[in-house]
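This report refers to the structure that appears directly beneath it.
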Amino acid sequence: MPMVAGTIRDVAAALVIAALLIAALVLGSAILIPLALATILSFILAPIVKRLARWRIPRAVAVMIVVALAVAGLLAASAVFSAQLLSLTASLATYKDNLVQKVRMVTGSNSDASILKRASESIDVLENALKHEIENGGTGVPAPATGAPAGVSTTDGKGQPQIVTRSDGAGYGALGTAIEVAAKAGLTLLFTIFLLIQFRDLRDRIVRVAGVYNMTATTAALSDAGARLSQLFLYQALLNSGFGIFVGVALWLIGVPNPSLWGVATAVMRFVPFIGSFLSAVPPILLAAAVDPGWSMALMTLALFVIGDVTMGHFVEPLVLGKRVGLSPFAMVAAASFWTMIWGPVGLVLAAPWTMSLVVLGQYIPRLEFLSILLGDTPALSPDEQLYHRLLSDDAISAAEQVSPDLDASSAIAVGDGVILPALRLAARDHRLGRFDAEQVADMAVTFKGIVDMVPKLADDGAERPSGVVLAARGPIDAMAAHYAAAALAHASGCSVTALDQTTGLMAVTSLKETSRTGGPDWITIITVGGTEPRHLDFLVQRAERAFPKARILVLDGTQMADETGAPARRTEANKPVWWTALADIGRLIACAAPTRDVVSENDRGRMESRARIAADTA
């Protein structure tokens, strides 16, 4: 009960803190939005400022030059956007007839009056909305109804004359909005200049907060994270701007009205991952369909965005950006939804860069590592951890789906060394610690058998092949490893390799002795992934040598790791059993020993083992 109560208190405290943070984000948006925009702008402009500083230009002067150029570019883009928006508003009504004709073509007749009526009304609503936003600056104050402009006498619902004027505050609302936008823009500009000029002081303060005793790691993390974020945002801004220019020129060539408007909108919306391209493509496609009596303009516009987005997303951006920072699709959608709820359209644009920043910080700050795990696109679990998780969950289908591509792309030996044996090593550790019972082990064995059955089998052509046996050192986990190793070695070497069912350790040696009729196998591999003690392995080797004096005895100790040279961690004399750490080592060795069943002399045995060691060390 105390543990439950403590957990409840922790959850409650976390919820309270989260609620306070959200409230602070909402209530402090007037300051936080300009600060967030300034932070992103400072990351984008920092590399340019740094380059100018290398040219012996004072940093303050370099900052002012770069900021002035950035402001000029933004003002130019805003001017183009506003002019194009006014032009679109003025000409929108002329496209109504073409849209009605398109609807008639789609419906196949003139009978569906409701659809035509709704389409016409949609155009009117869009036109009025655009005019209202332009006139009132997006204040949300409703404009006078159509047909009742300001200053014109009309009647109310009771028949009394009424004068419609601007005294309702719409005009003042537009002025207030303009002042608010100008204030936020000025505040953003001020924050940007401050961050660019005072970045060294801010970095020093962060180092102080992080702790001066770990100054080397903190400095490296800040430098690397800052450089990565700056390059990422700068390249993304350049790519999006270039793609916006390309879209604008292409739409101009196609003949879509107001191409500059859609080019600017495309450049801005591409900062929103996944859905930004779709949102920027819909208006020009619909406009092209309304302008052109046919469908060629709309189809060309659709092809432009589809081909352009595929080219940018799959070729240009991976080539330029590489894998600097990756975001999971779920995290990006969740982040976009959260920031849009908090800060509206500005939050939608800021969602991607802010989430990227959190991922990068999580990669360097241990306390924030959970952000990188939750938001990043890198797998949360390694391949062996994923497989072990699926084995624990008795998810045979997912386990097979994970291993199947690797088996198709590489050998069963490589999959065993890279995924299978490490996963079984994790299972053996937990089994040794008593973290699951015998029933769970049995279920895991059933699931694992499906993976063993996926290893390609040798064709039964009646030919006599050298034979080998894989014996499990101890326990059910080693038994699973033995069955997979037998299947993988048989596929790789062409030998006849088997594993004893549900028999391990000394019982396995005894059972093999009792069932062997022709002198025993050519070689025996004793395998462990569960931390079997070396003395126990030595005992099994001695008993196997006594029982099968003609057989080669090999040990695959999956709990031991190879040294930096890749050589096995443990090895005996040339004419004695050899300890190996990977299936690949065993595969190379039995390939050297496979041609004969005759008794091998000590000198020949030594030469074969020497060749195997050279092959393992040079592979």
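Under this note's numbering, the first residue of the sequence shown is numbered 8, with each subsequent residue one higher. Glycine residues also receive a C-beta, built at the ideal position from the N, C-alpha and C atoms. The model shown is predicted, which means the values in this text are computed figures rather than measured ones.
The DSSP-derived three-state label of T273 is helix. For the alpha helix (DSSP H) assignment, the uninterrupted runs of no fewer than 4 residues enclosed by the stretch 325-373 are, from N- to C-terminal side, 336-350, 352-371.
Residue range 474-479 is occupied by the beta strand (DSSP E) that includes V477. Bounds of the beta strand (DSSP E) holding A506 are 503-511.
Among the bridge pairs identified by DSSP, W530 is matched with G475, R559. Excluding the 5 residues flanking it on each side, L245 has no same chain C-beta neighbour closer than 8 Å. Using a C-beta cut-off of 8 Å, the stretch 246-255 makes contact with the stretch 272-279, since at least three inter-stretch Cβ pairs fall below that distance. T362 sits away from L355, with the two beta carbons spaced by 9 Å or more. For A480, the number of other beta carbons within 10 angstroms of its own is at least 16, and it is reported as buried. Judged by DSSP secondary structure, Y491 falls within the alpha helix (DSSP H) whose first and last residues are 482-500. Judged by DSSP in its simplified three-state form, T223 adopts helix. In this structure, DSSP gives W587 an extended state, which the three-state scheme calls strand. Residue pairing by DSSP puts G383 in a beta bridge opposite L334. Three or more beta-carbon pairs separated by less than 8 Å are not found between the stretch 373-383 and the stretch 404-415, which leaves the two stretches without contact.
V340 and H498 have their C-alpha atoms some 45 Å from each other. Under DSSP, D316 takes part in no beta bridge, so it has no partner. Taking W350 as reference, the option from G475, S36, T510 with the minimal CA-CA separation is S36. In terms of CA proximity to Y371, R235 leads the group L311, R235, L428, L398. By the neighbour-count criterion, in which 16 or more other beta carbons inside 10 Å mark a residue as buried, H490 falls on the buried side.
Put simply, of L433, L92, P290 the residue whose alpha carbon is nearest the alpha carbon of R397 is L433.
With fewer than 16 other CB atoms across the displayed protein chains lying within 10 angstroms of its CB, R16 is exposed. Cβ-Cβ separation between V87 and S287: approximately 16 Å, too far for a contact (criterion under 8 Å). The Cβ atoms of L357 and L59 do not sit closer than 9 Å to each other. Burial check for W586: the Cβ neighbour count within 10 Å reaches 16 or more, so the residue is buried.
Under the three-pair Cβ rule at 8 Å, the stretch 48-65 does not count as touching the stretch 184-193. Between L399 and M461 a beta carbon distance of about 19 Å is seen, past the 8 Å cut, so the two are scored as non-contacting.
Here I204 is near R66, since their CB atoms are less than 9 Å apart.
Just measuring C-alpha positions, the residue of T532, A554, Q549, T539 sitting nearest E521 is A554. Taking the Cβ atoms as the reference, S85 lies roughly 20 Å from P264, outside the contact range of under 8 Å. Within the same chain, and ignoring the five residues on either side of I420 in sequence, the residues whose Cβ sits closer than 6 Å to its Cβ are A495, A499, L590, A591, G594. Nearest to A190 by C-alpha distance, out of I38, M514, P541, L440, is I38. Contact between the stretch 432-446 and the stretch 509-521 is absent: fewer than 3 CB-CB pairs across the two stretches fall below 8 Å. Judged by DSSP secondary structure, I51 falls within the alpha helix (DSSP H) whose first and last residues are 36-61.
The DSSP-derived three-state label of D564 is strand. In this chain, the alpha helix (DSSP H) harbouring M71 covers 66-98. Contact check for T535 and T566: beta-carbon distance about 6 Å, within the 8 Å limit, so the pair qualifies.
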